[in-house]
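Below: the structure, in structure tokens.
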Amino acid sequence: MHRALRVAAFVPSFPELSETFILRQIVGLLERGHDVRIFAHEAAPEGPVHADVDRHQLMRRTRVISGEAAVARGAGGRAPAGAFLRCLRPRIARGAGGWGALVRTLGALRGEAPFDVVHCHYGVTGLRYGVAARLWRAPLVVSFYGYDASRYPRERGEGGPLRQGPGGHRRYELGCDIGEKRTRDFYRRYQPN
2 MHRALRVAAF VPSFPELSET FILRQIVGLL ERGHDVRIFA HEAAPEGPVH ADVDRHQLMR
62 RTRVISGEAA VARGAGGRAP AGAFLRCLRP RIARGAGGWG ALVRTLGALR GEAPFDVVHC
122 HYGVTGLRYG VAARLWRAPL VVSFYGYDAS RYPRERGEGG PLRQGPGGHR RYELGCDIGE
182 KRTRDFYRRY QPN
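Taking the numbering used here, the leading residue of the sequence shown gets 2, the next gets one more, and so forth.
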């Protein structure tokens, strides 16, 4: 028997009808007995949702944490003493979108019990919310998708913020093949030398 993990899933918005690949991962973890919490940068626009969102009551597991999101209070625990201080670093603030964004993110996560794994979907989400892994001293997983290898470099430049690594991490330890050419392009653009 495996130990059930607490998994924090960070996504740009939730629920998105088109992002079944993320939904399948979350549902798969829940069906295997893990506790998954979803942290969305913003709420998805109103509209139809996949049946699994209702079937697994995923909105009860979801918090929107951007902008003027309320600070978590009494959500089942606190980060250990000194956890916030270890996150206040210029390199982390740059990746998170500046000092204001970093402090808002840390404030929104205050009161959350630590998680065993932090999984950020998309590189830009990893940059913004990867600090949660440092806060909870948990492994960080960042799933990069087509946007990270194609549209993001056109919008932000070849190296861009992804080169520094999400959440203050300096390099990517594990990759997933998204096709030989895209993988080669991704590492050429973002893997620090």
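Beta carbons are placed, not taken as given, at the ideal position from N, Cα and C, and that holds for glycine.
In three-state terms, what does DSSP make of residue i?
i: Ile-66; result: coil
i: Arg-38; result: strand
i: Pro-13; result: strand
i: Glu-43; result: strand
i: Val-125; result: helix
i: Val-50; result: coil
i: Gly-169; result: Here Gly-169 scores only 47 on pLDDT, less than 50, and its place in the model is too uncertain to base an answer on.
i: Arg-33; result: coil
i: Arg-7; result: strand
i: Leu-18; result: coil
If we call anything under 7 Å between Cβ atoms a contact, is residue i one with residue j?
i: Ala-5; j: Val-37; result: no
i: Ser-14; j: Ala-45; result: yes
i: Ala-139; j: Val-119; result: yes
i: His-97; j: Arg-129; result: The residue you asked about is not His; residue 97 is Ala in the sequence shown. Result yes, Cβ atoms of Ala-97 and Arg-129 sit closer than 7 Å.
i: Leu-136; j: Cys-88; result: yes
i: Val-28; j: Asp-53; result: yes
With 16 as the cutoff for other CB atoms within 10 Å, does residue i come out buried or exposed?
i: Thr-126; result: buried
Considering Cα atoms alone, identify which of the options is closest to residue i.
i: Gly-34; options: Arg-7, Leu-18, Ser-14; result: Arg-7
i: His-42; options: Leu-59, His-3, Arg-25, Thr-63; result: Thr-63
i: Tyr-146; options: Tyr-130, Arg-129, Gly-124, Arg-138; result: Gly-124
i: Val-104; options: Val-142, Pro-91, His-51; result: Pro-91
i: Val-132; options: Leu-18, Leu-31, Ala-84; result: Ala-84
Length at least 3, wholly inside the segment 80 to 122: the beta strand (DSSP E) runs in chain order: Annotation: the segment 80 to 122 contains the following complete segments of the beta strand (DSSP E) (minimum length 3 residues), in chain order: 118 to 122.
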